[in-house]
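Student: In this note's numbering, the protein residues as written are 12 to 537. Dropping a structure here in structure tokens format, bear with me for questions.
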């Protein structure tokens, strides 16, 4: 899940390869709660560093945004075996600073530095007491980005068409080939990617920033990262907010099915809104509009059109772009215009601007240093998303299970969503043949002994259903305080004034709303 806080698409962001065989992770080792502040052998040098800040070396960065880096071990079990540099960015506190609040915008695979540069105004109130800091996690953005290569093997295409459902061996062959390509191109970080290691990186950042406790605001996947940190470093948790709460227990198959259903509902809501406008490219009948969208996706899968960057733009590219745009009602007018450009003129530029992720050309950085922004691989977002999800999930479908169940799964996913089902089915297949991921999240992240933390769930969230907020709160135990946002869109902080106020009040002043209290719809601003 990827939280998108900006209210407009960013035209400078190029299309990521959403239809490629994104990264299939290698092993993600589960670890117990660990000692902080470099108490473990070999970690003292990492915990002893301080961040050096300077102007960001990008042409479109806000002038008051500063950039830096922090160095972490490639492998925490062998800290002498190599290092990674992680990209950081911050807005400094406007007055006296009480320390930092770290932001994670979601994903997995979302780069924090460009997101803070684009959406910094949403967080300006927090600079009344904090340095507002974000980062590109390991394997993401400028922090040793993973990739599956310039021309990754298509996995989604293996499930296209009814004729392929009867030939699951073809699916298995393509998945195995995709895994090999990702392993070949991803670099040394791939076996050490995943939330367990990213959480340990967070603690090194905390110390390097000079904070005794981690103050944290995580969106979507960032809530998983925050929960893992709370389990690993319970005595280092400060004020923590989890917005758009991820599941800690459901399998990737269950997550993907829930995501398909949520996005289908969001699409239908968008189309109901769209057909009220004479400019809607699908006419003025909602049922017919839904049929036209399915037909448009199928036609682009059969006959892709040239993209703005010279590549083929497929129906599954369109599905990925629409899915990003549906995260916020604020994006609906922009999505309507972008779809009109595509339908009426064959112009993909508008919809491509929603498919955010890596930018630039697929060039690998050297060593463990920061990668230049223009050298982040085009497929970094989907490659990192799948790599982290595989590292975080211990389940692995066998060839026998895929052979037996592929047809049934295809039917179930397309029933959940005729538009997003096929796109989401890849999450069932993507970890096939890989070493099992960690069981730490599913088995150990529960009953955390931390100060109170705020969990925000949005009733109409298309990516992280509200029930996940309730289930995760119960799992985390008495530390969790739930805020019920009775609105629409993915996460609440950027879409609800009420949520925004309550989150800021907690982070700045420690004022928590009562457990189970609510915010109304955005229509009344509460």
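No residue lacks a Cβ here, since even glycine has one placed at the ideal position from N, Cα and C.
Under 8 Å: do the segment 315-327 and the segment 286-305 share three or more Cβ pairs, one atom per stretch?
Tutor: Judged by Cβ distances under 8 Å, the segment 315-327 makes no contact with the segment 286-305, as fewer than three pairs qualify.
Student: Around the C-beta of residue 525, are 16 or more other C-beta atoms found within 10 angstroms, so that it is buried, or is it exposed?
Tutor: Within the chain shown, numbered from 1, the residue matching residue 525 stands at position 514. Result: exposed.
Student: Tell me which same chain residues have a C-beta within less than 6 Å of the C-beta of residue 10, skipping the five on either side of it?
Tutor: Here the chain has residues from 12 to 537 only, and residue 10 is not among them.
Student: Ends of the beta strand (DSSP E) at residue 101?
Tutor: Here residue 101 is taken as the residue at index 90 of the chain shown, counted from 1. Looking at the DSSP string, the run of the beta strand (DSSP E) that includes residue 101 is 94-102.
Student: Could you give the first and the last residue of the continuous beta strand (DSSP E) run that contains residue 230?
Tutor: Start at 1 with the first residue of the chain shown, and residue 230 comes out as number 219. Per DSSP, residue 230 belongs to the beta strand (DSSP E) from 225-230.
Student: Among the residues of its own chain, which have a CB less than 6 Å from the CB of residue 230, if the five just before and after it don't count?
Tutor: If you number the chain shown from 1, residue 230 lands on position 219. 14, 116, 117, 254, 255 and 502.
Student: What residue does the alpha helix (DSSP H) around residue 149 start on, and which one ends it?
Tutor: Locating residue 149 in the chain shown gives position 138, counting from the first residue. Unbroken run through residue 149: none, as it is neither H nor E.
Student: Determine the DSSP secondary structure at residue 494, reduced to helix, strand or coil.
Tutor: On the chain shown, position 483 is the one that residue 494 refers to. Of the three classes helix, strand and coil, the one that applies to residue 494 here is strand, per DSSP.
Student: Once the 5 residues before and after residue 240 are set aside, which same chain residues still bring their CB inside 6 Å of it?
Tutor: Here residue 240 refers to the residue found at position 229 when the chain shown is read from its first residue. Excluding sequence neighbours, residue 240 sits near 210 and 213.
Student: Taking residue 82 as part of the beta strand (DSSP E), name the residues at either end of that continuous run.
Tutor: The residue given as residue 82 occupies position 71 in the chain shown. Run containing residue 82: 76-84, per the beta strand (DSSP E) assignment.
Student: How is the beta strand (DSSP E) around residue 88 delimited, first residue to last?
Tutor: On the chain shown, position 77 is the one that residue 88 refers to. Per DSSP, residue 88 belongs to no beta strand (DSSP E) and is neither H nor E.
Student: Are there three or more Cβ pairs, one per stretch, closer than 8 Å when the segment 416-435 is compared with the segment 325-336?
Tutor: Segments in contact, yes.
Student: Which residue's Cα is closest to the Cα of residue 297: 290, 280 and 312?
Tutor: For the purposes of this step, residue 297 is identified with residue 286 of the chain shown, where counting begins at 1. Measuring from the Cα of residue 297, the nearest candidate turns out to be 280.
Student: Beta carbon of residue 267, beta carbon of residue 436: below 8 Å?
Tutor: In the chain shown, counting from the first residue as 1, residue 267 sits at position 256. In the chain shown, counting from the first residue as 1, residue 436 sits at position 425. It is a contact, given that the beta carbons lie within the stated cut-off.
Student: May I have a chain-ordered list of the beta strand (DSSP E) segments no shorter than 3 residues that lie completely inside the segment 432-506?
Tutor: Complete beta strand (DSSP E) runs here, min 3: 464-471 and 491-499.
Student: Does residue 125 come out as helix, strand or coil in the three-state DSSP assignment?
Tutor: Mapped onto the chain shown, residue 125 falls at position 114. In this structure, residue 125 counts as helix in the three-state DSSP scheme.
Student: Any chance the CB of residue 279 is under 7 Å from a heavy atom of the ligand ADP?
Tutor: This structure lacks the ligand ADP; in fact it carries no ligand of any kind.
Student: Using DSSP's beta-bridge definition, name the partner residues of residue 113.
Tutor: Mapped onto the chain shown, residue 113 falls at position 102. Answer by DSSP bridge pairing, in chain order: 144 and 227.
Student: For residue 317, which of helix, strand or coil comes out of DSSP?
Tutor: Taking the chain shown and counting its residues from 1, one reaches residue 317 at position 306. Three-state DSSP puts residue 317 in a strand.
Student: Does DSSP classify residue 159 as helix, strand or coil?
Tutor: As a working note, residue 159 is residue 148 in the chain shown. Correct three-state label for residue 159: coil.
Student: Rounded to whole angstroms, what's the CA-CA distance from residue 351 to residue 362? Just pull it up for me.
Tutor: To locate residue 351, count along the chain shown from 1; it is residue 340. To locate residue 362, count along the chain shown from 1; it is residue 351. Those two C-alpha atoms are separated by around 10 Å.
Student: Give me the Cβ distance between residue 216 and residue 399, rounded to the nearest whole Å; I'm assuming they're in contact under 8 Å.
Tutor: As a first step, residue 216 must be located in the chain shown, where it is residue number 205. As a first step, residue 399 must be located in the chain shown, where it is residue number 388. So it is not a contact: roughly 18 Å between Cβ atoms.
Student: With a threshold of 7 Å on Cβ separation, who are the neighbours of residue 403 within its own chain once the five nearest residues in sequence on each side are excluded?
Tutor: On the chain shown, residue 403 is found 392 positions in, with the first residue counted as 1. The answer, listed in chain order, is 39, 205, 206, 448, 449 and 452.
Student: Got a sec? Which residues, its chain only, sit under 7 Å from residue 67 by beta carbon, not counting five neighbours each side?
Tutor: The residue given as residue 67 occupies position 56 in the chain shown. Correct list, in chain order: 76, 77, 78 and 100.
Student: To the nearest angstrom, how far is the alpha carbon of residue 165 from that of residue 289?
Tutor: For this step, residue 165 is matched to residue 154 along the chain shown. For this step, residue 289 is matched to residue 278 along the chain shown. Confidence is the limiting factor: at residue 165 the pLDDT is only 48, short of 50, which leaves the residue's position unreliable, though a coordinate-based value still follows. Computed Cα separation, rounded: 37 Å.
Student: Cβ atoms of residue 238 and residue 483: under 8 Å apart, would you say?
Tutor: On the chain shown, position 472 is the one that residue 483 refers to. On the chain shown, position 227 is the one that residue 238 refers to. In this structure, residue 238 lies closer than 8 Å to residue 483 by Cβ.
Student: Which of the three DSSP states, helix, strand or coil, is assigned to residue 41?
Tutor: Counted from its first residue, the chain shown places residue 41 at position 30. With a pLDDT of 42 at residue 41, under the threshold of 50, the modelled position of that residue is not reliable, and no figure is offered here.
Student: From residue 478 to residue 242, what distance separates their C-alpha atoms?
Tutor: Walking along the chain shown from the start, residue 478 turns up at place 467. Walking along the chain shown from the start, residue 242 turns up at place 231. Straight-line Cα distance between these residues: approximately 21 Å.
Student: Using the Cβ count rule (16 or more neighbours within 10 Å means buried), how would you classify residue 203?
Tutor: By one-based count along the chain shown, residue 203 stands at place 192. The residue is buried, with at least 16 neighbouring Cβ atoms inside 10 Å.
Student: If we count the other Cβ atoms within 10 Å of its Cβ and call it buried at 16 or more, is residue 135 buried or exposed?
Tutor: Position 124 of the chain shown, counted from the start, is the residue given in the question as residue 135. Classification of residue 135: exposed, given that the 10 Å Cβ count is below 16.
Student: Alpha carbon to alpha carbon, how far is residue 126 from residue 137?
Tutor: As a position in the chain shown, residue 126 is number 115, starting the count at 1. As a position in the chain shown, residue 137 is number 126, starting the count at 1. One C-alpha to the other measures close to 16 Å.
Student: Look at the Cβ atom of residue 354, then the Cβ atom of residue 153, and state whether they are nearer than 8 Å.
Tutor: On the chain shown, position 343 is the one that residue 354 refers to. On the chain shown, position 142 is the one that residue 153 refers to. Going by C-beta atoms, residue 354 is not nearer than 8 Å to residue 153.
Student: First and last residue of the alpha helix (DSSP H) that includes residue 354?
Tutor: In the chain shown, the residue the question calls residue 354 occupies position 343. Start and end: 343-356.
Student: Assign residue 71 to buried or exposed, taking buried as 16 or more other Cβ atoms, counted over all protein chains shown, within 10 Å of its Cβ.
Tutor: The residue labelled residue 71 in the question sits at position 60 within the chain shown. Under this definition residue 71 is an exposed residue.
Student: Could you compute how far the alpha carbon of residue 521 sits from the alpha carbon of residue 498?
Tutor: In the chain shown, counting from the first residue as 1, residue 521 sits at position 510. In the chain shown, counting from the first residue as 1, residue 498 sits at position 487. Cα to Cα, the separation comes out at about 24 Å.
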